[in-house]
Amino acid sequence: MTELVYFTGPMDCGKSTLALQTAYTENAAGRRGRLFTSLDRAGDATISSRIGLASPAIEVTPEFDFWEFVVGQLTSAHRIDYLVCDEAQFFTVAHIDQLARIADDLQIEVFCFGILTDFRTRMFPASQRLVELCDRMEVLQVRPRCWCGAPATHNARTVDGVMVTQGDQVVVGDTVNPAADVAYQVLCRRHHRGQITAQVAAIDLTPDPLPFGQ
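Written out as structure tokens, the structure reads:
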């Protein structure tokens, strides 16, 4: 039986790295597949990992139809054994329904990779649909750390260095440079609730010295 599998976790937990590793392992076994992504940090039509790995992929736009694409490939004598779908949180609900149909009716393995919740702690619609439909959900075991050292579980968006909880659900930002206009970082629940980012903590944790001896 083929499966629709959802690999998930917060930012920085290695989802894109695992997506590329999955494609490599499948290819090494003589299987043939297609790679897909949406709004990757490296630009259109690329799956990129923060550890430096990258591979070309098909960019998924809201108008893209997985079922139409795969059936077109198969009827043109192109072999497809699996699909690797990175940044699946940015897909549409219709895309997820199409992927489930591909797994069920065409017997093609579908591996999806993405984050569950946005910067407001709300589930992405596509992620919610994956949870509802997937045969199996795997939470990645590589756990990023909050600035305090605790396991990071929540994704925070900052604008000009200040954490925000309002705005469009999908805004591409910098995950490396915290001083960027729009940036992202991972926090533990406590510090996400308190909106205490690494930048705020750096200010709070280095107060002026007490005026002893004056």
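Each step along the sequence shown adds one to the number in numbering that gives the first Met the number 0, with nothing skipped, and position 33 is 32. We put the beta carbon where it would ideally sit given N, CA and C, even for glycine. Computed from a predicted structure; not experimentally measured.
A182 is not a Cβ neighbour of W146, given a cutoff of 8 Å. With fewer than 16 other Cβ atoms from the protein chains shown falling within 10 Å of its own Cβ, S75 counts as exposed. Bounds of the beta strand (DSSP E) holding A53 are 53-55. For H153, the uninterrupted beta strand (DSSP E) run begins and ends at 153-158, by DSSP. Between the C-alpha atoms of A27 and H94 there is a straight-line separation of about 28 Å.
Annotation note: the stretch 79-167 contains the following uninterrupted beta strand (DSSP E) runs of length 3 or greater, listed N- to C-terminal: 81-84, 108-113, 135-138, 153-158, 161-163.
In this structure, the alpha-carbon of L3 lies about 19 Å from that of T16.
Here G32 carries a strand assignment [DSSP, helix/strand/coil]. By the C-beta density criterion, L98 is buried, having at least 16 other C-beta atoms within 10 angstroms.
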